[in-house]
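K.L.:
First the structure, then my questions, so here it is.
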Amino acid sequence: MATAKDFSRLGSIEGVGQFLLVRNDGHVVSENFADAVSLSSIVVSSGKYCDSFAENLGGRRYLHLCVERMSGENILVFSLGRYYLGIIKHPDSDPQVLAGSILTFLKGLS
Amino acid sequence: MNYEAKLSDIIASLPEIQGGFLFAPERGVYGNQATGITNVDDLLQVALKFSKIFSQFSVHFHDTGNFRVTFKDLVLFATVLEQGQWLFLFYRPSLSPSMVNMTVQLALNIQSDDEEEKDILEITPPLAEPTPTSITPENKARNTGIAPESKLNGPLNTLKNELSKYIGPVAELIFEDFREEWETKFSPTPENLPELIRVLAEEIDNANDRKTFKKAMETFSGKE
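Going down the list, the sequences are from chains Z and P.
Under the working numbering, the residues of the first sequence are numbered 1 to 110, in order.
Under the working numbering, the residues of the second sequence are numbered 1001 to 1224, in order.
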């Protein structure tokens, strides 16, 4: 079973700027930046909305949400059961490559 | 701007784009070219959920752009247009995001000979701003029409605190979202509090917790 310590390795993945792993009640389980708590609600809320897209799109479960930003520090949100993972991308990295790296990492934990 | 024509152009330009639709707050879903993907009611739900996601992110980040939700066999792309309208596309994951961005941007920037140059909204009139009961620097900053000295503030704070017991820290964000909508659609009066309580209760997943929450809030129904 994956632990918070496993997720701390996320920060070393190329392209990851900041990350936060949040429980579905908003409690931050793992992070690598000081202001993670301020984003916890958004990560959980948007993750829940994305989970609910399954009701509207033929049962499709989403892989990730990407919010593009002018700064290039796009935000990615992934659902992990009772937890939600938020990633703030490094401005120079490719968003598709990063999303693929994160999914590979997450598959490696299960 | 004729967004329906723009949408058709975008869908026609790339074979990987399977469909799309438009959404306007006062009009709902229109220009639907996603009938093969799901029905209009579900498209409306998708649009409303995206509006909520957008409003939450834009509070924190002032440079948000396009949104993308990736599924195994489909990507849902969403971009905000003028006056709170949205353009949605469904496309195959093999299509690169930058290609989609470029295609959409190009289509939205190109003006046809028939389009007027002055900035008018063709689809719907702008949403009317809610009239606050008392505009002060305090409640203006709080983005609420309720005066700080109003007797509603006590019950509203209790509502928020009670909600957080069941859904955690995310309660504050959800509460503010629904409160704003409530103030827009109804008069923020004690008589209309039950409507706010009703929609907030729906955010509680557990049926027993939802029942307990509603019962605890019964004291605020109709009272000042």
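Just so you know, even glycine gets a beta-carbon here, dropped at the ideal spot from N, CA and C.
The model shown is predicted, which means the values in this text are computed figures rather than measured ones.
Look at V1100 of chain P and F1077 of chain P and say whether their C-beta atoms are less than 8 Å apart.
P.N.:
yes
K.L.:
What are the residues that DSSP puts in a beta bridge with V16 of chain Z?
P.N.:
Z:K89
K.L.:
So, at 7 Å on beta carbons, what are the nonlocal neighbours of L1108 of chain P in its own chain, with the 5 sequence-adjacent residues on each side left out?
P.N.:
K1006
K.L.:
Buried or exposed for E68 of chain Z, please, with buried defined as at least 16 other CB atoms from any protein chain shown within 10 angstroms of its CB.
P.N.:
buried
K.L.:
If we require 4 or more residues per run, which alpha helix (DSSP H) segments fall completely within the stretch 1031-1067 of chain P?
P.N.:
List check, alpha helix (DSSP H) in window: 1040-1060.
K.L.:
I'd like the ranges of any beta strand (DSSP E) spanning at least 3 consecutive residues and lying wholly in the stretch 28-76 of chain Z.
P.N.:
Counting only runs of 3 or more, we get 28-31 and 64-69.
K.L.:
Kindly give me the distance between the Cβ atoms of V16 of chain Z and G86 of chain Z, rounded to whole angstroms, as I take these residues to be in contact under 8 Å.
P.N.:
Not confirmed; about 11 Å, so no contact.
K.L.:
Which chain P residues sit within Cβ distance under 7 Å of G175 of chain Z?
P.N.:
No answer is possible for residue 175 of chain Z: the residues shown for chain Z start at 1 and end at 110.
K.L.:
Would you kindly work out how many angstroms separate the C-alpha atoms of H27 of chain Z and S40 of chain Z, rounded to a whole number?
P.N.:
7 Å
K.L.:
I need the straight-line Cα distance from R1198 of chain P to D25 of chain Z, nearest angstrom please.
P.N.:
21 Å
K.L.:
Flag P1132 of chain P as yes if its beta-carbon sits less than 8 Å from any beta-carbon of chain Z, otherwise no.
P.N.:
Caution applies to P1132 of chain P, whose pLDDT of 46 falls short of 50 and renders its modelled position unreliable; the model cannot decide the point.
K.L.:
Against chain Z, with Cβ distances strictly below 8 Å, would K1049 of chain P count as a contact?
P.N.:
Residue-level contact by beta carbon holds for K1049 of chain P and chain Z, with a gap shorter than 8 Å.
K.L.:
I think L10 of chain Z touches A36 of chain Z, with their Cβ atoms under 8 Å apart; what is that distance to the nearest whole Å?
P.N.:
With 8 Å as the limit, L10 of chain Z and A36 of chain Z do not qualify as a contact, their Cβ atoms being about 12 Å apart.
K.L.:
Please decide whether V1046 of chain P counts as near chain Z, where near means a Cβ-Cβ distance under 8 Å.
P.N.:
yes
K.L.:
In the DSSP assignment, find the unbroken alpha helix (DSSP H) run with F1213 of chain P in it and report its ends.
P.N.:
Unbroken alpha helix (DSSP H) run through F1213 of chain P: A1207 to A1216.
K.L.:
Residues in its own chain within less than 6 Å of K1160 of chain P by CB, not counting five upstream and five downstream?
P.N.:
F1175
K.L.:
Contact check, P1093 of chain P vs P95 of chain Z under 8 Å by CB: the rounded distance?
P.N.:
Contact flag wrong, Cβ pair sits at about 13 Å.
K.L.:
Once the 5 residues before and after F1178 of chain P are set aside, which same chain residues still bring their CB inside 7 Å of it?
P.N.:
L1196, V1199 and L1200
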